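Notes follow the structure.
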Amino acid sequence: SSFLQERLRYMLLLLLLLHGTDSFYVPGVAPINFHRNDPVEIKAVKLTSSRTQLPYEYYSLPFCQPTKITYKAENLGEVLRGDRIVNTPFQVSMNVEKKCEVLCNFSNKPATLTVEQSKLVAERIREDYYVHLIADNLPVATRLEFYSNREEEEKKKEKDVQFEHGYRLGFMDGNKFYLHNHLSFILYYHREDVEENQEPTYRVVRFEVVPQSIKLEDLKADEKSTCTLPEATGSAPQEIDPSKENQLLFTYSVHWEESDIKWASRWDTYLTMSDVQIHWFSIINSVVVVFFLSGILSMIIIRTLRKDIANYNKEDDIEDTMEESGWKLVHGDVFRPPQYPMILSSLLGSGIQLFCMILIVIFVAMLGMLSPSSRGALMTTACFLFMFMGVFGGFFAGRLYRTLKGHRWKKGAFCTATLYPGVVFGICFVLNCFIWGKHSSGAVPFPTMVALLCMWFGISLPLVYLGYYFGFRKQPYDNPVRTNQIPRQIPEQRWYMNKFVGILMAGILPFGAMFIELFFIFSAIWENQFYYLFGFLFLVFIILVVSCSQISIVMVYFQLCAEDYRWWWRTFLVSGGSAFYVLIYAIFYFVNKLDIVEFIPSLLYFGYTALMVLSFWLLTGTIGFYAAYMFVRKIYAAVKID
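Counting from 4, one number per residue, gives the positions in the sequence shown under the numbering used here.
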């Protein structure tokens with residue numbers, strides 16, 4: 004029991020450490036200090052909707068425009084995410100209140116939306132679009148207050164506050180569309196400590212908005228472009244009729260409040276948006292289950308193997324008349340090279356490349372270097388790392404290809420560098436054409452695509468060749484037993500030794516371990532949430548590696564005991580079995596959680612899901628393959644073979 008207590012204490016310590024990684028702030032993003040009256044620039048990022056999955060840029064709708072529109076230079080990750088950060092005409096100054104101000108520059112004349120524009124706005128409202136703005140790099144949030152379902156008398160006191168990213172473009176009532184044309188910005192500042200006689204400095208620590216829809220007649224505007232808001236009760240909302248021209252005023256107000264939130268923890272409200280209790284229990288639960296199962300598996304395998312090896316080595320001494328059975332029988336064929344060794348080694352090379360990339364990205368993100376405040380950093384890092392990890396991919400693929408008696412190393416290297424990236428690029432290109440057709444900002448612009456191609460052929464390809472060359476020249480993996488000239492017969496296999504049954508059986512354990520994280524990752528991708536639990540993700544990744552290796556060893560052991568020596572491809576396929584469950588989960592998520600109805604969003608969802616499943620299969624298959632290969636070499640080295 005003391006051992007168990009130790010284990011539990013150790014695990015709690017580990018989890019506390021992991022939990023502590025969320026709080027400290029990102030290097031490379033310095034705080035900006037403002038004095039009173041300094042302009043605080045408000046920029047627009049994009050419009051998003053989880054119903055259509057198509058982001059649009061801010062000025063695709065007829066909002067008020069500044070005199071000169073300037074787009075921020077963006078990194079690769081932002082472009083791929085569909086962010087188009089642009090300036091807006093909102094005039095906000097630090098700690099200066101504004102009651103109500105008309106936005107467009109011709110003072111009190113209402114803006115007119117043409118029939119076309121009205122149709123477009125109504126369409127976007129129907130599709131549930133949200134507008135995302137940023138002030139000092141902080142995204143805007145809408146506060147949602149609702150009474151938690153506690154006892155009746157407590158209701159009066161307890162309000163639950165949740166935040167929603169961005170603000171709704173408008174709302175529908177029956178068949179009528181209403182646009183949120185008045186924005187009440189609520190900005191919170193933190194007063195910094197300064198010397199006695201210096202001007203106080205402030206930092207922006209939170210950015211909220213209360214969107215309202217107010218009819219043109221109720222907004223009384225004068226020549227100085229100020230306006231008066233109506234009393235809360237008597238005002239009618241601003242309707243947008245898609246069949247005719249509409250006149251309306253875009254207005255805004257600014258309110259500042261002092262806050263105790265330090266600049267370093269200003270992102271916390273955004274990150275604890277959904278569930279506060281981040282399924283601690285289920286994560287610890289899966290950790291315990293996996294450790295338990297893996298312990299049992301290792302014990303069984305080790306004990307059976309010890310017995311096997313002792314028997315095989317003892318048999319030589321007594322007499323050779325005893326009929327051999329089990330995995331020793333296939334020793335002359337177990338290292339016989341499989342069919343298509345080039346494709347196998349290429350896929351495994353890509354798997355190694357993915358493995359290195361994912362490991363480094365999660366580790367760096369866990370240290371807090373890729374927090375959500377540096378937009379697009381995660382995507383950019385992942386892209387570049389995948390390119391640079393080509394060296395390792397090439398090296399492992401080349402060495403394996405040499406071991407499998409391959410000769411054409413140049414062709415093998417080309418295959419490794421182009422097979423998986425080619426499929427990814429192909430799928431993305433086709434999906435991109437559809438997004439282009441919809442004029443969405445989520446479409447990767449042509450120059451970026453060319454840049455990605457140049458990276459692929461200019462960085463990744465030469466690096467893969469380099470790695471492959473060294474891997475191919477290196478000593479091949481030494482196999483402990485010689486392969487016979489003539490392949491032996493494979494006996495009739497039982498039904499449960501079928502490939503598909505194997506895939507179903509092998510996928511359960513690794514999938515069960517990471518199923519909870521998968522839910523968070525999916526909502527981060529498809530519902531515009533932030534994902535930041537990299538500490539947990541790292542833990543889950545380790546568990547995934549452990550469980551994949553074990554399952555694959557067990558499967559290959561059963562297969563060799565059934566005297567079937569064709570394990571190369573089979574191990575690769577079977578270890579990736581959890582990818583099949585990920586696919587099923589993705590379909591379940593699509594049906595139950597997302598309300599996507601149109602064709603193109605569904606196509607996008609399943610296109611990207613296919614990419615995820617393919618990458619996941621390569622990753623888990625590679626982990627399983629290398630574990631099984633090491634295992635097979637170990638057990639055959641332990642037996643005396645005449």
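Each residue gets a CB set at the ideal place from its N, CA and C atoms; glycine is no exception. Remember, it's a predicted structure, so these values are computed and weren't measured experimentally.
The beta strand (DSSP E) enclosing residue i, as first and last residue numbers
{"i": "C107", "result": "It is not in any beta strand (DSSP E) - C107 carries neither H nor E in the DSSP assignment."}
{"i": "V134", "result": "133-138"}
{"i": "F514", "result": "Taken as a continuous stretch (DSSP letters only), F514 belongs to no beta strand (DSSP E), being part of the alpha helix (DSSP H) at 502-529."}
{"i": "L251", "result": "249-251"}
Buried or exposed (CB count within 10 angstroms, at least 16 for buried), residue i
{"i": "V504", "result": "exposed"}
{"i": "I493", "result": "exposed"}
{"i": "Q496", "result": "exposed"}
{"i": "P450", "result": "exposed"}
{"i": "P513", "result": "buried"}
{"i": "D139", "result": "buried"}
{"i": "N249", "result": "buried"}
{"i": "H442", "result": "exposed"}
{"i": "G445", "result": "buried"}
{"i": "G440", "result": "exposed"}
{"i": "C551", "result": "buried"}
{"i": "A630", "result": "buried"}
{"i": "V134", "result": "buried"}
{"i": "R306", "result": "exposed"}
{"i": "I137", "result": "buried"}
{"i": "V48", "result": "buried"}
{"i": "C418", "result": "buried"}
{"i": "G31", "result": "With a pLDDT of only 44 at G31, under the threshold of 50, the placement of this residue in the model should not be trusted, and no figure is reported."}
{"i": "H410", "result": "exposed"}
{"i": "I587", "result": "exposed"}
{"i": "H334", "result": "buried"}
{"i": "T574", "result": "buried"}
{"i": "K179", "result": "exposed"}
{"i": "E60", "result": "buried"}
Integer-rounded CB distance, given that residue j should sit under 8 Å from residue i
{"i": "V124", "j": "L116", "result": "7 Å"}
{"i": "I626", "j": "F358", "result": "7 Å"}
{"i": "R569", "j": "P341", "result": "7 Å"}
{"i": "V291", "j": "G396", "result": "Going by Cβ atoms, the distance from V291 to G396 rounds to 34 Å, so no, they are not a contact pair."}
{"i": "S238", "j": "I217", "result": "5 Å"}
{"i": "V213", "j": "Y191", "result": "Not really, about 14 Å apart at Cβ, beyond 8 Å."}
{"i": "V394", "j": "L469", "result": "6 Å"}
{"i": "N184", "j": "T272", "result": "Contact flag wrong, Cβ pair sits at about 26 Å."}
{"i": "L642", "j": "N288", "result": "For clarity, residue 642 is Val in the given sequence; the question names Leu instead. Actually they are not in contact, since the Cβ atoms of V642 and N288 sit about 40 Å apart, beyond 8 Å."}
{"i": "L219", "j": "L186", "result": "In fact, because the Cβ distance is near 16 Å, the residues do not count as touching under 8 Å."}
{"i": "F525", "j": "I365", "result": "Not quite, the Cβ-Cβ distance comes to about 17 Å (not below 8 Å), so this is no contact."}
{"i": "F619", "j": "M369", "result": "About 20 Å separates the two Cβ atoms, so there is no contact after all."}
{"i": "L141", "j": "F210", "result": "5 Å"}
{"i": "G401", "j": "G515", "result": "No, G401 and G515 are not in contact; Cβ-Cβ is about 35 Å, not under 8 Å."}
{"i": "F533", "j": "P424", "result": "The Cβ separation is near 28 Å, so there is no contact."}
DSSP beta-bridge partners of residue i
{"i": "P341", "result": "Beta-bridge pairing links P341 to no other residue."}
{"i": "E260", "result": "Y191"}
{"i": "A47", "result": "V89, L136"}
{"i": "P34", "result": "Partner(s): none; P34 has no beta bridge."}
{"i": "V164", "result": "E148"}
{"i": "M458", "result": "Answer is none; M458 lacks a bridge partner."}
{"i": "H334", "result": "Per DSSP, none; premise fails for H334."}
{"i": "E211", "result": "A144, I189"}
{"i": "I243", "result": "F180"}
{"i": "R171", "result": "Y133"}
{"i": "Y592", "result": "Answer by DSSP bridge pairing: none, since Y592 is not bridged."}
{"i": "P42", "result": "S96"}
{"i": "C230", "result": "A224"}
{"i": "Y205", "result": "F37, R194"}
{"i": "A114", "result": "L251"}
Alpha helix (DSSP H) segment containing residue i, residue limits
{"i": "V99", "result": "Run containing V99: none; DSSP gives neither H nor E here."}
{"i": "L57", "result": "Per DSSP, L57 belongs to no alpha helix (DSSP H) and is neither H nor E."}
{"i": "Q120", "result": "118-129"}
{"i": "L274", "result": "271-274"}
{"i": "F628", "result": "602-641"}
{"i": "V447", "result": "It is not in any alpha helix (DSSP H) - V447 carries neither H nor E in the DSSP assignment."}
{"i": "L464", "result": "464-476"}
{"i": "L83", "result": "79-84"}
Beta carbon proximity, residue i to chain B, threshold 8 Å
{"i": "Y205", "result": "Protein chains in the displayed structure number just one, and chain B is not present."}
Please specify which runs of the alpha helix (DSSP H), each continuous and at least 4 residues long, are wholly inside the region 543-590, giving them in chain order.
Listed in chain order, the alpha helix (DSSP H) elements of length 4 or more contained wholly in the region 543-590 are 571-578.
4-residue-minimum alpha helix (DSSP H) runs that sit fully inside the region 372-432, ordered along the chain
380-391, 393-406
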